[in-house]
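To start, the structure under review is shown below, and the notes come after it.
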Amino acid sequence: MPSPRTEEIDMRERIGLPAHPEIDAFALEDFPRLVRLREELIGAQPAICVERARLLTEFHRREGFDERRPVLRQAGALAHVLDHLPTPVFGDELIVGSTTSKRLGVPIFPEFTGLTIWPELTSISGRNDYPVLVSDAEIDVLSEEVFPFWKDLTVHEYVRRTGDNPLCLGVFERFKFFLAPKSNGISHLIPDFASVVDRGLDDIADEVRAGTERACDESAEEFLSAVLVALEAVVRFAGRYADECARLAGSTTGGRAEELAQTASILRKVPAKPAKGFREALQAIWITQVALHQENTNAALSFGRLDGILDRPYGDDLESGRLDRKRAAELLGCFFIKMQDHDVLTPTASRIVLGGGSANQAVTVGGLRPDGTDGTCETSLLIIKMAELLALREPNLCARLHRGSPGEYRNAIVNSIFSTGASPAVYNDAAIIDALTAHGVGTGDARDYGLIGCVETASAGRTMSMTGAILFNLASVMELAVNGGVDPPSGRRMGPETARLDLCGSYEEFLAAFRTQLESLVDLAVECNRRFAHAHAVLHPTPLLSSLIEGTIDAGADVTRGGARYNSSGVAVVALADVADSLSALKHAIFTKDGCVSPAELMDALADDFASHERTRALLTRKVPRYGADDPAADAVAVSLVEMIEAAFSRHSNFRGGRYHVGYWSMTLHAGAFALTGSLPSGRRRGEPLASGATPVSGAARRGPTASVASTARLPAECMANCIANNHKLSRSFLCEPGRLELLKNMIDGYFDIGGMQIQFIIQDSETLLEAQAMPDRYRDLLVRVSGYNAYFCDLTREMQDEIIARTEDRLG
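Listed below in structure tokens is the structure:
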């Protein structure tokens with residue numbers, strides 16, 4: 000019996016828009032190997048792998064944890080790991096290299112937040128919510144060898160031990176106000192994979208050797224020496240995989256033996272030398288990514304503009320006849336499936352931050368080249384098609400659009416969104432390039448942006464971006480402002496003393512108090528981020544990653560020390576719509592001559608969570624201008640709020656001297672930790688999900704999706720350099736009617752024409768989602784879009800599933 004997904008794909012093929020004829024005709028059943036690999040992956044249960052953690056600990060026990068020469072220590076540790084990691088090669092694979100020793104492994108990073116799993120080691124295999132396998136022997140290794148060594152050496156403990164501002168760390172540890180994810184690494188960026196493919200690591204090493212001769216101080220010499228150690232270790236790592244493939248080829252017969260022998264030959268060339276063909280390019284990128292994930296956490300280390308990187312080797316292979324499109328599609332599918340081979344460590348507490356999330360390795364296609372010409376190519380269409388057919392949560396596919404993007408490319412995007420129900424997310428070059436140039440990125444470099452993690456943007460291969468440096472709860476600022484700087488649940492003062500709402504005589508007076516609380520909380524978040532950044536520079540420089548970021552070799556400095564060409568830190572603000580609606584309510588319903596509710600009455604309603612104030616809540620939710628209804632009065636409040644937040648962060652530089660880039664996306668925080676915020680003047684009750692990303696509050700877009708995107712498009716792009724998540728949920732049964740995919744394409748084009756920055760979709764009927772909740776085994780690969788990333792619906796927490804089901808279902812036309 001065909002699965003629901005098979006029936007949906009058949010429907011899409013009957014109503015789809017025309018794209019590239021040969022590529023668009025591919026179906027998953029044309030690739031039996033990919034069907035097998037996909038089923039193995041979907042059926043695999045995540046399992047903890049201790050190998051990296053064990054080897055890292057082994058090295059430091061032997062060599063010591065020297066803080067005087069950390070970059071050389073880190074290079075030596077990475078080399079030890081890469082020289083001793085297992086080299087598993089699984090059946091059917093054409094692209095090899097495994098992040099862990101498991102088919103679907105969860106690596107442990109004890110130097111960052113790996114120890115958070117310690118209390119759960121004996122129960123994590125049996126927990127109801129996303130269990131992760133771990134054997135008794137692995138528990139013993141972690142509990143007796145690994146975790147005790149690192150308990151006083153983590154980044155977080157270093158900040159706690161050396162800090163002289165306990166307030167910033169204390170506020171962070173309450174989880175409600177902001178999070179500082181650098182405690183778990185710096186991986187939110189795009190390495191220069193184009194250089195891996197076009198130059199090879201040996202050529203980069205030659206550049207490093209030349210730089211060593213010019214180094215003007217000991218620090219630069221140490222850094223460049225460490226980079227050489229790291230690069231040479233990656234080449235040896237590839238050689239170890241080549242040896243394993245050759246060994247397996249010798250004990251295998253038939254076509255598989257030939258495949259393994261070819262893989263061995265390829266790995267003796269790349270990533271050391273330039274990739275000559277499509278398969279070599281894919282293999283070079285992947286084995287390098289595996290090595291990078293031994294140095295840095297497997298969180299949002301993204302691939303950048305993959306279509307442009309692969310275009311030359313793909314074209315060369317097609318022209319020479321070494322490859323046809325179907326074989327290229329199979330190789331690309333194998334590459335995408337390898338991207339699923341690892342999962343992020345998610346203790347139960349972390350599920351409220353990233354429920355259902357993966358490593359969020361973003362792939363970017365389309366858009367302008369640095370010279371301003373269109374960068375769309377045939378590989379763009381091939382990438383979209385194979386991501387559509389596989390419909391996996393990785394890669395996080397991101398499609399760039401500009402006014403000159405070809406029609407067949409636009410059609411491929413819309414077809415894939417409908418078929419997968421979630422992917423790709425779509426980005427407007429005009430708005431994003433303006434945002435990046437407004438933050439000091441050169442025009443050509445801004446045009447060469449790629450997407451990172453959820454929705455974040457940075458110039459690819461030349462930016463130390465850490466786009467997830469601060470996750471900021473704007474709703475908590477409103478709560479503090481209403482209560483004069485006091486956190487109501489605890490009764491503790493968490494912000495400066497300002498006038499409580501009931502003591503404010505005007506909207507302007509309250510807005511001044513809100514700004515004061517905002518700037519105070521921003522100051523604490525920035526200070527916390529700065530301390531974690533300093534800890535990384537002191538404890539965990541990253542020489543391999545640095546070698547693949549433009550500027551570091553010339554500067555003789557690690558990315559943690561500001562060696563990159565561009566240095567920035569990303570902020571994700573949560574609850575924009577809730578706070579904009581709250582300010583609108585205060586401005587238009589409370590502080591007015593004919594206000595039906597006084598500030599004191601509203602304070603009482605908030606303290607009571609509206610339990611005995613339903614009339615007040617009805618006024619706030621139904622009679623007040625709200626963001627998302629294309630109401631100029633409400634949208635003006637949202638615009639001024641975004642400008643205020645940008646100004647608050649622009650007062651600061653980060654540890655590396657770079658700027659803060661503010662964006663609006665939330666992962667699952669809006670339905671998780673940040674939803675613990677109390678009642679708001681918008682009428683939202685305590686514990687209800689906050690609005691996701693830059694999307695209006697569910698139910699606020701009463702005039703339909705056209706009005707909703709009009710409001711979002713008014714937000715000033717120059718204040719949102721870390722991009723936005725603009726979520727929309729559409730009925731699949733509605734779009735199945737002939738001609739209605741054109742409406743979806745027109746919605747995207749119309750939104751971008753008026754300045755919109757980003758848009759993403761869930762294409763599912765609520766009935767299907769409810770059925771998936773009731774029968775998860777039947778819908779184990781049902782893909783949805785959260786707030787910036789893809790997830791399997793049944794992997795999400797119940798709270799997040801309910802939030803997605805409750806989202807407003809837009810009707811087009």
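Residue numbers (numbering that gives the first Met the number 0): 0 to 812.
Idealized CB from N, CA, C, for every residue including glycine.
Since the model is a prediction, treat every value here as computed from it, not as a measurement.
For residue i, which residues in the same chain have their Cβ closer than 6 angstroms to its Cβ, ignoring the five residues on either side in sequence?
{"i": "ALA280", "result": "VAL196, ALA274, LEU309 and PRO312"}
{"i": "VAL485", "result": "ARG492"}
{"i": "GLY210", "result": "LEU223 and ILE552"}
{"i": "ALA248", "result": "ALA256, LEU259 and ALA260"}
{"i": "CYS167", "result": "LEU523, GLU526 and CYS527"}
{"i": "LEU675", "result": "LYS175"}
{"i": "PHE513", "result": "ALA480"}
{"i": "THR5", "result": "The predicted model places THR5 with a pLDDT of 40, which falls under 50 and marks its position as unreliable, so this point remains unresolved."}
{"i": "GLU393", "result": "MET338, GLN339, SER357 and GLN360"}
{"i": "PHE108", "result": "THR296"}
{"i": "VAL362", "result": "PHE302, LEU305, PRO394 and LEU396"}
Who are the near neighbours of residue i in its chain, counting only those whose CB is closer than 7 angstroms to its CB and skipping five residues on each side?
{"i": "PHE277", "result": "LEU309, PRO312, TYR313, ASP316, LEU322, ALA327 and LEU330"}
{"i": "THR419", "result": "GLU387, ALA390 and LEU782"}
{"i": "VAL596", "result": "ALA588, ILE589, THR615 and LEU618"}
{"i": "ILE265", "result": "ARG278, GLU279 and GLN282"}
{"i": "GLU137", "result": "ILE47 and VAL49"}
Based on Cα-Cα distance, which residue from the options lies nearest to residue i?
{"i": "ALA534", "options": "PHE58, GLY692, THR161 and PHE146", "result": "THR161"}
{"i": "ASP764", "options": "ARG530, ARG235, CYS333 and LEU734", "result": "LEU734"}
{"i": "THR462", "options": "MET477, SER546 and ASN427", "result": "SER546"}
{"i": "GLY662", "options": "THR211, GLN757 and ASP630", "result": "GLN757"}
{"i": "LEU36", "options": "ASP65, GLU377, LEU93 and HIS59", "result": "LEU93"}
{"i": "ILE723", "options": "ARG731, PRO405 and ALA712", "result": "ALA712"}
{"i": "GLY787", "options": "SER218, GLN360, LYS325 and VAL343", "result": "GLN360"}
{"i": "GLU642", "options": "PHE654, ALA716 and VAL34", "result": "ALA716"}
{"i": "ARG625", "options": "GLY169, ASP577, ARG655 and GLY656", "result": "ASP577"}
{"i": "GLY467", "options": "THR296, SER639 and ASP801", "result": "THR296"}
{"i": "HIS187", "options": "ARG797, SER568, HIS651 and ALA283", "result": "SER568"}
{"i": "GLY90", "options": "GLN293, SER218, THR262 and GLU377", "result": "THR262"}
{"i": "GLU294", "options": "GLY238, THR98, ALA805 and GLU478", "result": "THR98"}
{"i": "TYR659", "options": "GLY199, GLY490, SER464 and LEU381", "result": "SER464"}
Counting C-beta neighbours from all protein chains within 10 Å, is the total for residue i 16 or more, i.e. buried, or is it exposed?
{"i": "ARG13", "result": "Unreliable placement is indicated for ARG13, whose pLDDT of 37 sits below 50; no coordinate value is reported for it."}
{"i": "CYS215", "result": "exposed"}
{"i": "SER142", "result": "exposed"}
{"i": "GLU66", "result": "exposed"}
{"i": "PRO1", "result": "Its pLDDT being 35, under 50, PRO1 is placed unreliably by the model, and the measurement read from it follows with that caveat. Exposed: under 16 other Cβ atoms inside 10 Å."}
{"i": "GLU7", "result": "Its pLDDT being 42, under 50, GLU7 is placed unreliably by the model, and the measurement read from it follows with that caveat. So GLU7 counts as buried."}
{"i": "ASN127", "result": "exposed"}
{"i": "THR252", "result": "exposed"}
{"i": "ASP607", "result": "exposed"}
{"i": "PRO737", "result": "exposed"}
{"i": "ALA610", "result": "exposed"}
{"i": "SER379", "result": "buried"}
{"i": "ALA591", "result": "The sequence shown places Thr at residue 591, not Ala. By the 10 Å Cβ count, THR591 comes out exposed."}
{"i": "LYS586", "result": "buried"}
{"i": "ILE41", "result": "exposed"}
{"i": "ASP9", "result": "No answer about ASP9 holds up, because its pLDDT of 45 lies below 50 and its placement is not dependable."}
Apart from the five residues just before and just after residue i, which ones in its own chain have a Cβ nearer than 8 angstroms to its Cβ?
{"i": "ARG61", "result": "none"}
{"i": "ARG499", "result": "VAL481, ASN482, GLY483 and MET602"}
{"i": "PRO17", "result": "ASP23, GLU407 and ASN410"}
{"i": "VAL572", "result": "PHE471, LEU473, ILE644, VAL661, GLY662 and TYR663"}
{"i": "ILE803", "result": "LYS728, ILE761, LEU768, VAL783, VAL785, PHE792 and LEU795"}
{"i": "GLU221", "result": "ARG68, VAL70 and LEU71"}
Measure from the C-beta of residue i to each C-beta in chain C and report whether the shortest distance is under 9 angstroms.
{"i": "ASP522", "result": "Note that chain C does not occur in the displayed structure, where there is just one protein chain."}
Completely contained alpha helix (DSSP H) runs for the region 540 to 589, where each covers 4 or more residues: 542 to 546, 551 to 554 and 575 to 584
Which runs of the alpha helix (DSSP H) at least 4 residues long sit entirely within the region 184 to 215? Give them in chain order. Listed in chain order, they are 192 to 197 and 200 to 213.
Which runs of the alpha helix (DSSP H) spanning at least 4 residues fall entirely within the region 397 to 426, listed in chain order? 406 to 419
If you pair each beta-carbon of the region 563 to 572 with each one of the region 233 to 241, do three or more pairs fall below 8 angstroms? no
Check whether the region 109 to 121 touches the region 248 to 261, taking contact to mean three or more Cβ pairs, one atom from each stretch, closer than 8 angstroms. In short, these stretches do not touch, since the Cβ pair count stays below three.
Along the chain, which unbroken stretches of the alpha helix (DSSP H) at least 4 residues long are found entirely within the region 710 to 742? 731 to 734
The region 432 to 442 in contact with the region 337 to 344 per 3-pair CB rule at 8 angstroms: Not touching, per the Cβ criterion.
Are at least three pairs of beta-carbons, each pair with one atom in the region 444 to 452 and one in the region 357 to 377, less than 8 angstroms apart? yes
Three-pair Cβ contact test at 8 angstroms for the region 597 to 607 versus the region 495 to 514: yes
When the Cβ atoms of the region 372 to 387 are set against those of the region 732 to 751, are three or more pairs found closer than 8 angstroms? no
List, from N- to C-terminal side, the beta strand (DSSP E) runs of 3 residues or more that fit wholly inside the region 101 to 180. Residue ranges of uninterrupted beta strand (DSSP E) with 3 or more members, entirely inside the region 101 to 180 and ordered along the chain, are 104 to 106.
Does the contact criterion of 3 or more C-beta pairs under 8 angstroms hold for the region 199 to 206 versus the region 703 to 711? The region 199 to 206, when compared against the region 703 to 711, does not touch it at the 8 angstroms Cβ threshold.
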